[in-house]
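Have a look at the structure below before the remarks.
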Amino acid sequence: MRSPDLETLDSIPGLFEPGQEFVDRILPDLPYHVRINSLGFRGAEFPRRKEPGALRILCLGDSYTFGPYVDDDQALPAVLGRVLSASRRPGAPPVDVINGGANGFTLADELAFLTTKSPEVQPDVVIVAFTQNDILDLARSRLQIDMMRDHARLKSSFAVGPAIKLLQHTALFNGMQRFAAWVKVRRQGPRAQAGEGGAGAGDRPELWERYRALLAETARVLESRDVRFLLVVWPSARQVAGQDPFTPQERLSRFAKDLGIASLDLVEALRGLEAAGVPAFLVPRDGHPTASGYEAAARAVAARLSELGFLGLRDGKGAGAMVPAS
């Protein structure tokens, strides 16, 4: 997937070069369609300025939010948008659910996105998705969002930028990119692809404390903007299968309760799917959710948003105060 140059990146609310459309075949048996809209987000177009009375939800997270190995309309934000739109009365203002996911993101990246990019899209609700590798990803020396900006700056440089823009349209360059991505996927291994870094981070209390501090700052930023906040916790495939402990979820539950943040653990929704004989994850080929897994997750998120009262129209003062976790 192509990144924009710096001028484009600073002119759009999203992160990716607008107008891209392709089929990703990094895993040949799991091809999927990707379309980047004019605002730099994956999925269908939506108005840059929110329509009066519209409900706008911004979904932030890593690849579990972006949705590899499923088509645009099968990723969680797209399914959530359809579920919520179907529940609205005829003639009601629209629901915009924005896919703000990016591969490799963790909460530090998502907070940076909130402070620099999200105000323009005017979300009423922000959903932050936790996945099991988010804790260990905090140990990286640089944020993924900063590296994306570095690449945009490189594409804008006088000496290198024109050459990159020319090469990125050649078969050789794109073949090299696909090979590099394939090597990265293979090196991660099945457990890493399944997002199973939460339990392995148990001996890194400093990373958990950093995550808690970032969660508190995210809540503070959103509360200052009168934006509702829901933390959604993805289990790993091994947790759903009963093979790994739920230590990460237990810690996150305590954090959410202490910080007054509404939360949702998707484990029961995904277990119900598996119990019905429908795979929730792509294992053993990959650890990301199936289209059915995203469907079940989206319906659970929609139910939780309704339960919390987050789906009402904005009043004169904005989206309303945060609702404490139950």
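The sequence shown begins at 9 in the working numbering and counts up by one. Just so you know, even glycine gets a beta-carbon here, dropped at the ideal spot from N, CA and C.
Test item: CB-CB of residue i and residue j under 8 angstroms
i    : j    : result
R246 : D252 : yes
A270 : L316 : yes
R236 : V133 : yes
I135 : V309 : yes
P101 : E59  : yes
P21  : I65  : no
L215 : L144 : yes
L35  : Y77  : yes
R56  : L47  : yes
L319 : R157 : no
V91  : A288 : no
R218 : L146 : yes
Cut-off 8 angstroms between Cβ atoms - residues of its own chain near residue i, not counting five sequence neighbours on either side
i    : result
F74  : R50, A83, N107, G109, A110, N111
E225 : L119
Y72  : L84, G109, A137, T139, G203, W242, H296, P297
L122 : L68, V134, T226, V229, L230
L272 : L238, L239, V240, V241, A308, V309, R312
A277 : A304, A305, R307, A308
S11  : L17, L23, F24, E25, M156, H159, A160, K163
R212 : I143, L144, A147
Own chain, CB closer than 6 angstroms to residue i, minus 5 neighbours either side, in chain order
i    : result
Q152 : G112, F113, D117
R279 : V248
L369 : For residue 369 there is no data in the structure shown, the boundaries of the chain being 9 and 334.
E29  : R43
M184 : With a pLDDT of only 39 at M184, under the threshold of 50, the placement of this residue in the model should not be trusted, and no figure is reported.
V105 : I65, P85, L88, G89
S334 : Low local confidence applies: a pLDDT of 37 at S334 is under 50, so the model's placement there is unreliable, with the coordinate-based value given in what follows. Taken in chain order, the list of residues that qualify is empty.
S93  : V103
Residue(s) in a DSSP beta bridge with residue i
i    : result
P292 : For P292, which the question treats as bridged, DSSP gives no partner whatsoever.
N107 : R50, C67
E29  : R43
V136 : L68, L239
L272 : V240
P297 : F289
Other residues of its chain near residue i: CB distance less than 7 angstroms, five sequence neighbours each side excluded
i    : result
L222 : L115, A116, L119
E303 : V87
P39  : V31, D32, R33
S19  : none
H41  : V31, D79, D80
L267 : L223, A224, A227
A45  : First, the amino acid is wrong: residue 45 is Asn here, not Ala. Cβ neighbours of N45 beyond the five flanking positions: P26, G51, A52, E53.
R293 : L35, D37, L38
L281 : A288, S300, G301, A304
V129 : P21, R64, L66, I106
Cβ separation of residue i and residue j, assumed to be a contact under 8 angstroms, to the nearest whole Å
i    : j    : result
A160 : L68  : That pair is no contact at about 19 angstroms.
V291 : S300 : Rounded, the Cβ-Cβ distance is 13 angstroms, inconsistent with contact.
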